[in-house]
Amino acid sequence: MPFLRLAYASEATFEHNPVEKGIEPHVARILMTSRQNNAKRQLVGGLYYGDNRFFQYLEGEEADVQELYRRIQKDDRHRNIVTLIEEPLEASTFSSWSMKYVPLSRDVRRFLENHGLTRFDPAKFTSEQCEEMIDLIRNSSADQKLVNHDEASSSRQPDHPQVFSTGLRTGLIMAALGLFGALLYAGSML
Ligand SMILES: Cc1cc2nc3c(=O)[nH]c(=O)nc-3n(C[C@H](O)[C@H](O)[C@H](O)COP(=O)(O)O)c2cc1C
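Numbering (numbering that gives the first Met the number 0), first residue to last: 0 to 189.
As structure tokens, then:
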């Protein structure tokens with residue numbers, strides 16, 4: 000089966016919700032769907048969102064990439080989609096990620112500065128700049144720690160998310176103490 004690599008740029012249509020930590024909620028939803036769907040088809044790549052623009056890179060079996068791209072192009076969460084790269088590929092250049100979204104902020108800012116660019120506008124990237132962007136995504140080691148482009152420093156989602164909220168935890172401790180007290184009282188009555 001022939002492989003295909005594809006990169007495109009687009010503009011988000013949703014109102015950007017600034018988030019102090021973590022990831023823009025619309026983008027988080029896109030990522031969740033992407034990870035579920037892409038893993039099933041062994042599609043790999045990366046998504047970068049910044050300055051209300053998307054840059055996405057995809058690799059996989061030609062038919063799968065093309066089918067996904069048709070779906071993505073119909074998605075009204077973005078517009079002005081510009082195909083930057085679409086060419087055959089011998090084999091996947093990504094290890095095992097279904098859709099990387101990485102805390103590139105600082106790397107991308109440096110990349111933009113190096114090229115004298117004031118904002119993230121991937122539709123205007125040269126082919127060399129596209130390849131550089133793909134390398135940034137590919138080489139990032141901070142996998143799955145989701146961070147927003149707008150954040151100055153990288154913030155991370157907890158590796159072990161809290162299962163219980165603080166309030167619920169306090170309630171459970173109080174209930175356990177109450178039960179313990181009741182048992183003590185019952186014991187003293189015997
Ligand atoms: C910028 C952008 C990138 C997207 N990337 C992917 C992707 O890599 N994989 C995917 O399945 N859906 C992606 N989507 C979502 C698709 O357009 C579509 O909503 C989704 O595939 C539908 O999946 P479902 O039928 O499982 O709900 C993307 C959407 C946007 C706006």
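All residues carry an ideal CB built from backbone N, CA and C; glycine is no exception. Remember, it's a predicted structure, so these values are computed and weren't measured experimentally.
Given a threshold of 16 other Cβ atoms within 10 Å of its Cβ, counted over all protein chains shown, does residue i qualify as buried or as exposed?
i    : result
R78  : exposed
S94  : exposed
E89  : exposed
I172 : exposed
F124 : buried
N16  : exposed
D63  : buried
Q161 : Any reading at Q161 needs caution, since the residue's pLDDT is 45, under 50, leaving its predicted position unreliable; the model's value is listed next. Burial call: exposed.
G186 : exposed
S33  : buried
M188 : exposed
R4   : buried
Does the distance between the C-beta of residue i and the nearest non-hydrogen atom of ligand 1 fall short of 6 Å?
i    : result
I71  : yes
F54  : no
T12  : no
I172 : no
T32  : yes
R28  : no
R118 : no
D74  : yes
For residue i, which three-state DSSP category applies?
i    : result
P24  : helix
P121 : helix
T32  : helix
V18  : coil
E131 : helix
E60  : strand
V162 : Low per-residue confidence applies at V162: pLDDT is 48, beneath 50, and the placement is therefore not dependable enough to give any value.
E89  : coil
L83  : strand
F13  : coil
R76  : coil
A151 : Because A151 sits at a pLDDT of 34, beneath the cut-off of 50, its placement in the model cannot be relied upon, and the following sentence gives the value as read from the coordinates. The answer is coil: DSSP assigns A151 none of H, G, I, E or B.
G170 : helix
Do residue i and residue j have their C-beta atoms within less than 7 Å of each other?
i   : j    : result
A11 : C129 : no
I84 : S9   : no
N37 : M98  : yes
P1  : P87  : yes
R76 : F179 : no
V26 : Y47  : no
Q. Does the pairing of the stretch 116-131 with the stretch 50-69 give three or more beta-carbon distances under 8 Å?
A. At 8 Å Cβ cutoff, the stretches touch.
(Q) Quick check: the stretch 29-44 against the stretch 55-74, are at least 3 beta-carbon pairs closer than 8 Å? (A) With a cut-off of 8 Å on Cβ pairs, the stretch 55-74 is in contact with the stretch 29-44, counting three or more such pairs.
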